[in-house]
Amino acid sequence: MAKSVAGINRKIRAGKAVVVTAEEMPALVKDLGPKRAAEKVDVVTTGTFGAMCSSGVWLNFGHSDPPIKMQRVWLNDVEAYTGVAAVDAYIGATQMSETLGMTYGGGHVIEDLVCGRKVRLRAEGYGTDCYPTKELETELSLEDVNQATMSNPRNAYQRYNVATNSTGRTLRTYMGKLLPHFGNATYSGAGVLSPISNDPTLETIGIGTRISLCGGTGHVVGSGTQHNPADGFATLMVQGDLKTMRKEHLRGATFSGYGCTLYVGIGLPIPVLNEKVARSTAITDADISVKVLDYGSSRRGRPALRMVSYKELRSGSIKIGGKDVTTSSVSSQFMARRIALELKKSIEEGKFLLTQCAERLPLQGSARPMVERRPPLSLARRPGGVQQVEAAGEVRASAPRPKGREGISRDDGRCVRCGACVSLCKFGVHRYGKEQNVTVAADKCTGCGLCVDGCPTGALSLVPK
Ligand code: SF4
Ligand code: SF4
Numbered sequence: 365m366a367k368s369v370a371g372i373n374r375k376i377r378a379g380k381a382v383v384v385t386a387e388e389m390p391a392l393v394k395d396l397g398p399k400r401a402a403e404k405v406d407v408v409t410t411g412t413f414g415a416m417c418s419s420g421v422w423l424n425f426g427h428s429d430p431p432i433k434m435q436r437v438w439l440n441d442v443e444a445y446t447g448v449a450a451v452d453a454y455i456g457a458t459q460m461s462e463t464l465g466m467t468y469g470g471g472h473v474i475e476d477l478v479c480g481r482k483v484r485l486r487a488e489g490y491g492t493d494c495y496p497t498k499e500l501e502t503e504l505s506l507e508d509v510n511q512a513t514m515s516n517p518r519n520a521y522q523r524y525n526v527a528t529n530s531t532g533r534t535l536r537t538y539m540g541k542l543l544p545h546f547g548n549a550t551y552s553g554a555g556v557l558s559p560i561s562n563d564p565t566l567e568t569i570g571i572g573t574r575i576s577l578c579g580g581t582g583h584v585v586g587s588g589t590q591h592n593p594a595d596g597f598a599t600l601m602v603q604g605d606l607k608t609m610r611k612e613h614l615r616g617a618t619f620s621g622y623g624c625t626l627y628v629g630i631g632l633p634i635p636v637l638n639e640k641v642a643r644s645t646a647i648t649d650a651d652i653s654v655k656v657l658d659y660g661s662s663r664r665g666r667p668a669l670r671m672v673s674y675k676e677l678r679s680g681s682i683k684i685g686g687k688d689v690t691t692s693s694v695s696s697q698f699m700a701r702r703i704a705l706e707l708k709k710s711i712e713e714g715k716f717l718l719t720q721c722a723e724r725l726p727l728q729g730s731a732r733p734m735v736e737r738r739p740p741l742s743l744a745r746r747p748g749g750v751q752q753v754e755a756a757g758e759v760r761a762s763a764p765r766p767k768g769r770e771g772i773s774r775d776d777g778r779c780v781r782c783g784a785c786v787s788l789c790k791f792g793v794h795r796y797g798k799e800q801n802v803t804v805a806a807d808k809c810t811g812c813g814l815c816v817d818g819c820p821t822g823a824l825s826l827v828p829k
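Numbers given in the numbering used here equal positions in the sequence shown, counted from 1, plus 364.
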């Protein structure tokens, strides 16, 4: 029995579509079998919410009077890319502020815009007969710009490797703070809720698939960079209108000592067209395995220590070389679940219709290492050809603090419930609670400060007790 997207949309419009989340589907398939589950269920909703560095926004500022051909542009001192038309620029999530270093970056600018805050635009041009202005400074809000199109080259990784650290020093990475001597292991990805893990052969996800992007409407526009489905690392390129997005579904963030990023929320509906799709959406955390890599090695090919499933990772600890190592996630399962549930509700209420993809995504991709050829000397030696960026984000010292004078405080408005703090606290202050929410038992805090700069969203601080 095969169904069609058009047929499912008719049921959605009539309020009769059966929608379940990817967490609910495995039990249904187990009870009914894939054939009957495919007959019964119309849509499975998936969700993911994590740090997605390959994200950014195209902005069109409109023309000033007299006009300027913007050669360089800064938003709140974060430089945006301008090698396009006169007043278009791309603000990338990981670009750092020239005044605040990595404590504020492109992801924070995007969050500020969505939150309705004004940002300071500074631009320089070289002046032409048609664009005579050479310098400009103004303040703009999201409603002031003509277009603000989120355009993310690589989002929603199918799964991601686990990071740990064999060395004797703390490592600060895009996988968070890795404590010495296998002091913790961090992971990312939504496992059972991961959009692509629920459709690994890309039967239904393709160019034109309508998605929920940061709480607004977006679309899959192609396969993402480093798309490599053959190895289980497929990715998506997505796009959506920033003006429709909601502040709860994105967050500017900093991995202390590493750099800036943007937490992006994606909800993706999978139409259950046939038995094959029903079977693939029955995947569980236990079925998805990833490598545990030692980030203590600075080489590209980091040693793989073992394979581990998302089920084991979510148990709170894994064994590495006979040692129990605490695990925590840098993405938020709490938010991923919320996004999948919100999408389910929107479809049930007839507010979100599915699209038939215009073209399927390739099943062969490429994530090869770089081909490193020696550049011509003239280029390598050119002044400014290679820029050194200081690790300006090492602003919060991790020196031991006197115990007992300070305690932890969490700004719940900034916290995204990822749990990066969970594996950093040896006193059990931060814990995964019900439905993967992250709880704080502040009374147990010794004020050591170890977790504070491990929080990517800056939600943690020490306050006088
Ligand atoms: S306080 Fe903990 S759970 Fe909340 S955002 Fe920071 S690291 Fe994540
Ligand atoms: S500051 Fe408090 S909550 Fe943070 S790691 Fe130390 S004891 Fe745990």
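Beta carbons are placed, not taken as given, at the ideal position from N, Cα and C, and that holds for glycine.
Note that this is a predicted model, so its numbers are computed, not measured.
Buried or exposed by the 16-neighbour rule on C-beta atoms within 10 Å, applied to residue i
i	result
PRO593	buried
HIS613	buried
GLY580	buried
ALA391	exposed
ASN510	exposed
GLN728	exposed
CYS494	exposed
VAL827	exposed
GLY447	exposed
LYS433	buried
MET416	buried
ARG663	exposed
MET601	buried
ARG374	exposed
GLU754	Low confidence applies here, because GLU754 scores a pLDDT of 36, under 50, leaving its location unreliable; read the following figure in that light. Its Cβ having fewer than 16 others within 10 Å, GLU754 is exposed.
Nearest neighbour of residue i, chosen from the options [CA to CA]
i	options	result
GLU499	ASP651, PHE716 and PRO431	PRO431
ALA453	GLY470, GLU462 and THR463	GLY470
PHE716	ASP605, ALA366 and ARG377	ARG377
SER576	ASN529, LYS399 and ILE703	ILE703
GLY397	SER825, THR531 and GLU639	GLU639
GLY771	ARG737, SER644, ILE711 and ASP807	ASP807
LYS798	CYS812, GLY596, ALA731 and SER679	SER679
ARG486	PRO726, LEU439 and LYS829	LEU439
Short Cβ contact (9 Å threshold) for residue i with residue j
i	j	result
LEU705	THR409	yes
GLY792	ALA784	no
LEU477	ARG574	no
THR458	THR625	yes
SER673	ASP658	no
CYS815	VAL802	no
LEU543	ALA527	no
PHE546	ASN529	yes
ALA444	GLY426	no
VAL383	ALA642	no
CYS809	CYS779	no
VAL654	GLY540	no
SER787	THR690	yes
SER515	GLY420	yes
ASP775	GLY822	yes
TYR627	ARG610	no
SER418	VAL451	no
VAL369	PRO667	no
TYR468	VAL437	no
GLY866	ALA722	Examination of residue 866 is not possible in this model, given that the chain is present from 365 through 829 alone.
TYR622	THR492	no
TRP422	ALA520	no
As assigned by DSSP and simplified to three states, the class of residue i
i	result
ARG781	coil
VAL694	coil
MET434	coil
LYS709	helix
THR608	helix
ASP688	strand
LYS655	strand
ARG702	helix
TYR490	coil
PRO820	coil
ALA594	helix
LYS404	helix
PRO517	strand
HIS583	strand
GLN752	Here GLN752 scores only 36 on pLDDT, less than 50, and its place in the model should not be relied on; the value that follows carries that caveat. Coil at GLN752, not helix or strand.
MET466	strand
GLU676	helix
ASP429	coil
HIS613	helix
With three or more C-beta pairs closer than 8 Å as the rule, is the segment 479-493 touching the segment 502-513?
yes
Neighbouring residues (CB closer than 6 Å to any heavy atom of ligand 3)
Looking at this structure, you won't find ligand 3 anywhere; what it does contain is ligand 1 and ligand 2.
On the three-pair Cβ rule with 8 Å, is the segment 598-608 touching the segment 661-672?
no
Three CB pairs or more closer than 8 Å across the segment 411-425 and the segment 618-632:
yes
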